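So the structure is just underneath, and the comments pick up after that.
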C-alpha cells in the first residue's frame, strides 16, 4: 500500500513550517501590538450555523461530517431511494468544517456577548476547508489570518487597520500599495447620475480603463443601459487622476447631490489624512475600482497589492454593518482585515526575503566518536540547551562521512568534535561549516560563540 | 435562532488563548532546543490511511467526511436499503479527520522517505478529533503535542527525551515524577517465571499493590491462573523497593534466566544513569507497574505524573520498533513522547502557575477626550507600537466611566490621559492602574516606563 493524502491538502516539511511560522508569528505580533487578542473556535460547527451563509455555491463547498453511530435510522425507504444527495446530507450530517473565520466569529460574538467587552478586538489564525476543485495555488485546507473589531463605528479603527497592514508588510520587507475605497462613494456615484441600481456595472466598467481604454469603458456603460447623460456625468470619475486629495475634490463635485456619496468622501478623507499623519512606509491610495465583496461591505474597503510580484491581492478587508444580524444580534458594526498567508508565502519565496533564522535547526551538531566522548559531548549539549542554544549529538558512532552528511543536510552552522585529545583537555574542537575554520574551545567559550 | 457549537468542542477566549499559547510556546521552544523540527499534516487523511489502525473501537470513533458532489451514485437499491451504516459510510466517505498524530506521522515518513535525513527528529502540535462520548475533561477536538525520532535505535534518544520532559516541566514550575519502565523487563519477568503469556495480567496485578495489599495481589495472580511456584518467584518483584539501582539489582537476579529481561535491565540502567549524570530537576524513577500501550511499545516506556495535583499522567511515551511497517516501510525504530496540553492547562490553573505576562492585552490604553486630543494620542500610540509596546486608544469620546470600565475589563496596567493641558504641553498623564499613582510624562519617558 502506497500512502497518499487527499487532493488539495498538503504536508508541511520542517523548512516550510519555519517559514510559515515566521509569517504567522510576524502577523500575530503586529496584531498584538495593536491590541487585538486571539481567539479560537472549533474546526467543526453545526451545519445550521454554516448553511445559507455563503450562498448556494458555498453550501455545496462545505465539508460535511457524517453523524457518528447509526446515521441511517429514521429514514424512510422513499427518502433513501430518492438519492437526493443534498437532502440526505442534511439527514446524515449535523456538523461541517469551518468554511471561513467570519461566520464562526459572528457566532462567537453572539454566544459570548455577555462576557465580552465592546468594542471587541479579536484576531484568529486557523485553517478553513472548502471542497473546491483543487488547482495551482488553491487548496482544500488553508489558513486564514483575520483581525476584526466589532461594536464600534469609529473611523479610528480604519486608520489603525491601515497602519497595521503597513507595519506587517514593512516587517516582511514586501513593498506594497494599500488601496482604499468606500462603498458609500460607489453608491453615491450611481445615485448622483440617477442610476442607483447600476452601481456594480459602473464599478466593473471603470475597473477596465487600463485594459480597454476610455472609449471601451464608455461603450460598456452604454451597453449596460446607461443613458448618454449619465455617461457624460461619469467622465471626471472615469478619468480620475492626481493625488488622493485631488481625486477626492473631483469626486466631491460629482457627488454634490448625494448625501451618501459625500459621507463616503468625508470618511475617505479622514482615513487617508489620519493614516498619512501617523506616517506610512507604503503607498496608500484611493482606488474607486476596488469592489471586493461589494454586497458585504458598507463603508471602507481595503486591498493590498505587492509591487514587485505579479500576484492577486495579499490582504484586504473593510467595514460591515450587520455581521451578527444573521444570529439575531442586529446593529453591531465592525471592520476587519485578512492576510493571505499562502500568497505571502509565495511572495517571500519569490523575493527571497526570509530571514536567515527561518532556516531553523540546531546551531551545533556534536559528532559521536566513541562512548566516553559521546558522554562528554552530551553534557556539553545539555549545557548549551540550558542556555537556550539549540544543539544535538549524533546518536551513534557511525562513519565520519555519514555523520558529516547528516550535518550538511541539516544546514548546521557549526560542528563540535570531541576525540580523545579534546576529552583529555575537557574542550571541544568547533568547526565553522561555512568558512571551514576550526578552533579548540572550552565550554564557556563555546557558549559565547553560539549564544 | 440561538447559535451553539457541537458538543465536545470548545471556543477559546483571549485569556484562555494566552494561556494555551504559553503552554504550546514553552513546549515548542524546548523541542527546538533539542533539535526536533516541526511538521504539519493535513487535518483530513484518506480513510484508507486511518482505518484499521486504532482497533475496531477506533474505526467507529473516526470522524468521516462525506464525499462532495453526488456521493450516492453507484449504490444499488439493495445496498441503500440494507441501512448498513458502516458499509455505507465506506461508500459515502473517502476521508476522515486525523485521530492522532502518530499514524499521520508514519504516513508522512513513508511518503517523504527520499527527502528526509535519518535519524529524523520531528515534532507536531495539532488538533485531533475523536467521536468519543463527551464528558468532563474529554473533548471531541483537542490538541496533541508529540516529539519523535525515527530511524535510530540509539538509547541516547531515550536519555534526551527524559531530559526534555524534565526541562518542559521545570519551565512550567510543575513538580513531577518521571517514571520509566521497559517492555523487555515485563516480558522477561513473565518469561523467567515460565508464564510468558501472562505478562499483562502480572503487570495489572502488581499495579494494585497500593490499593489491595500484597495478599490481594497474590490472590489476583492465582485467580489469573499463575501456579504457586511462579507467584513465589514474583515476590521480590512485587515488593520491589529502594533506589533505582537497588531495584535494578533485584530485578536482575530474578531475570537471570531471561535474555530479553536482562537486556531490558541494561537499557534501563543506561537511561537512568545517563539522565542522572546530566542533572535532573525532577525525580526519575523506575516503575514496573507502568504499562501504557503495552502492545505498541517495545523498549522504554515513559510516564509523567504531577506531584501536587490529583490528575492522570500529563506526558508519556516510549520506544516502538515498527511504526512505518503498516505503510510498507519495515525496520524503522523510533522513540517519542507526547504532552497532554489540556491536562497541563488544568494543572497550571489549579497551581496558579501562569506567568503574569500571559494575561495578554495592551500595556496602556489612552482615553479619548476629544478630536485633537485623540489625534495626539493616536500618534503616541503608534510611536509605542513601533517600539514593540502594545498600546491602544479608546475609539470614541465616550463617558469617562465607560472608558475606564473598558480599561478595567481589559486588565490594562496603565491608562494614558491627554486633555487640553497635556495637549498644550505635548505630554501624557499616565495612571498606574494598580497603585493609582499619576505622572505627567513626555513620550520618551513613557517609552522608558513601558519598554
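Protein chains in written order, with our numbering: chain A, 1116 to 1566; chain B, 1116 to 1566. Ideal Cβ placement from N, Cα and C applies to all residues, glycine included. Keep in mind the model is a prediction, meaning the values are calculated, not measured.
* With 8 Å set as the bound, which would you pick, yes or no: does the beta-carbon of residue 1159 of chain A sit closer than that to a beta-carbon of chain B? -> Yes, residue 1159 of chain A counts as interfacial toward chain B.
* Within chain B, the residues that residue 1521 of chain A reaches when beta carbons sit closer than 7 Å -> Simply 1232.
* **Rounded separation between residue 1329 of chain B and residue 1294 of chain B - CA only** => Taking the straight line joining both Cα atoms gives about 22 Å.
* Nearest-angstrom Cα separation, counted from residue 1549 of chain A out to residue 1479 of chain A -> For the pair residue 1479 of chain A and residue 1549 of chain A, the Cα-to-Cα distance works out to about 13 Å.
* To do: Flag this pair as touching only if the stretch 1499-1506 of chain B and the stretch 1147-1156 of chain A have three or more C-beta atom pairs under 8 Å; answer yes or no.
  => Note that the stretch 1499-1506 of chain B touches the stretch 1147-1156 of chain A; at least 3 beta-carbon pairs, one per stretch, sit closer than 8 Å.
* Asked: Whose CA, out of B:1234, B:1177, B:1230, lies closest to the CA of residue 1215 of chain B?
  -> Distance check between residue 1215 of chain B and each of B:1234, B:1177, B:1230 places B:1177 closest, using alpha-carbon atoms only.
* To do: On a CA-only basis, which of A:1411, A:1461, A:1400, A:1404 is nearest residue 1429 of chain A? Give me that one, please.
  => Looking at the Cα atoms, A:1461 is the closest of the given residues.
* Residues that residue 1185 of chain A contacts on chain B, provided the C-beta gap is smaller than 7 Å -> Contact note: residue 1185 of chain A reaches chain B through 1200, using a C-beta cutoff of 7 Å and chain order.
* To do: Determine the DSSP secondary structure at residue 1471 of chain B, reduced to helix, strand or coil.
  => For residue 1471 of chain B, the three-state secondary structure derived from DSSP is helix.
* **Within-8 Å CB hit, residue 1473 of chain B to chain A** => No, its Cβ sits nowhere closer than 8 Å to a Cβ of chain A.
* Asked: Can a CB atom of chain A be found closer than 8 Å to the CB of residue 1298 of chain B?
  -> Not closer than 8 Å to any Cβ of chain A, the Cβ of residue 1298 of chain B fails to qualify, so no.
* Length at least 3, wholly inside the stretch 1351-1427 of chain B: the beta strand (DSSP E) runs in chain order -> Complete beta strand (DSSP E) runs here, min 3: 1398-1401, 1415-1421.
* **Cβ-based neighbour list, residue 1256 of chain B, same chain, cut-off 6 Å, excluding 5 preceding and 5 following** => 1124, 1242, 1244, listed in sequence order.
* Please confirm if residue 1220 of chain B has its CB atom under 8 Å from at least one CB of chain A. => At a cut-off of 8 Å, the C-beta of residue 1220 of chain B has no neighbouring C-beta in chain A.
* Select from the stretch 1168-1183 of chain A all residues with a C-beta closer than 8 Å to any C-beta belonging to chain B, and list them in chain order. => Answer in chain order: 1175, 1176, 1178, 1179, 1180, 1181, 1183.
* Taking only beta carbons into account, state which residues of the stretch 1255-1275 of chain A come closer than 9 Å to chain B, listed in chain order. => Considering only beta carbons, the part of the stretch 1255-1275 of chain A lying closer than 9 Å to chain B consists of 1255, 1256, 1264, 1267, 1268, 1269, 1270, 1271, 1272, 1274, 1275, in chain order.
* Spatial distance of residue 1189 of chain B from residue 1203 of chain B (CA atoms) -> One alpha carbon belongs to residue 1189 of chain B, the other to residue 1203 of chain B, and they sit about 12 Å apart.
* Could you say which of A:1118, A:1496, A:1381 lies nearest to residue 1161 of chain B if we only look at CA atoms? => Comparing Cα-Cα distances from residue 1161 of chain B to each of A:1118, A:1496, A:1381, the minimum goes to A:1118.
* By the 10 Å Cβ neighbour count, where 16 or more other Cβ atoms means buried, how is residue 1296 of chain A classified, buried or exposed? -> Of the other Cβ atoms in all chains shown, 16 or more fall within 10 Å of the Cβ of residue 1296 of chain A; this residue is therefore buried.
* Skipping 5 residues on each side, what residues in its chain have a beta carbon closer than 8 Å to that of residue 1367 of chain B? -> Excluding positions up to five away in sequence, the list reads 1377, 1380.
* 3 or more residues per run - each beta strand (DSSP E) lying fully within the stretch 1172-1226 of chain B -> Segments of the beta strand (DSSP E) lying fully in the stretch 1172-1226 of chain B: 1179-1181, 1208-1212.
* Length of the line joining the Cα atoms of residue 1476 of chain A and residue 1143 of chain B -> Here the C-alpha atom of residue 1476 of chain A lies approximately 13 Å from the C-alpha atom of residue 1143 of chain B.
* Asked: Taking the Cβ atom as the reference point for each residue, do residue 1436 of chain B and residue 1448 of chain B lie within a distance shorter than 8 Å?
  -> Using a Cβ distance threshold of 8 Å, residue 1436 of chain B and residue 1448 of chain B count as a contacting pair.
* Asked: What's the call for residue 1234 of chain A, buried or exposed, on a 16-neighbour Cβ count within 10 Å?
  -> Result: buried.
* Identity of the residue in B:1497, B:1494, B:1353 nearest residue 1304 of chain B by Cα -> That would be B:1353, whose Cα lies nearest to the Cα of residue 1304 of chain B.
* Asked: Quick one: Cα of residue 1532 of chain A to Cα of residue 1406 of chain B, how far?
  -> One C-alpha to the other measures close to 39 Å.
* According to DSSP, what are the bridge partners of residue 1435 of chain B? -> Residue 1435 of chain B is bridged to B:1449.
* Show which residues of chain B have a CB atom less than 8 Å away from the CB atom of residue 1128 of chain A. => Chain B residues near residue 1128 of chain A: 1154, 1227, 1230.
* **Any chain A beta carbon closer than 8 Å to residue 1553 of chain B** => Chain A has no Cβ within less than 8 Å of the Cβ of residue 1553 of chain B.
* Any C-beta of chain B sitting closer than 8 Å to the C-beta of residue 1459 of chain A? -> Not one chain B Cβ lies under 8 Å of residue 1459 of chain A.
* Candidates A:1308, A:1126, A:1300: closest to residue 1227 of chain B by CA position -> Residue nearest to residue 1227 of chain B within the set A:1308, A:1126, A:1300 is A:1126 (criterion: CA-CA distance).
* Which residues share a DSSP beta bridge with residue 1430 of chain A? -> Per DSSP, A:1419, A:1454.
* In the structure shown, what three-state DSSP assignment does residue 1316 of chain A receive? -> The three-state secondary structure of residue 1316 of chain A, taken from DSSP, is helix.
* Put residue 1125 of chain B into one of helix, strand or coil per three-state DSSP. => Coil at residue 1125 of chain B, not helix or strand.
* Asked: Roughly how far, in whole angstroms, is the beta-carbon of residue 1223 of chain B from the beta-carbon of residue 1154 of chain B, given that I think they are within contact range, below 8 Å?
  -> Going by Cβ atoms, the distance from residue 1223 of chain B to residue 1154 of chain B rounds to 6 Å, so yes, they are a contact pair.
* Asked: Name the DSSP beta bridge partners of residue 1152 of chain B, please?
  -> Paired residue(s): B:1237.
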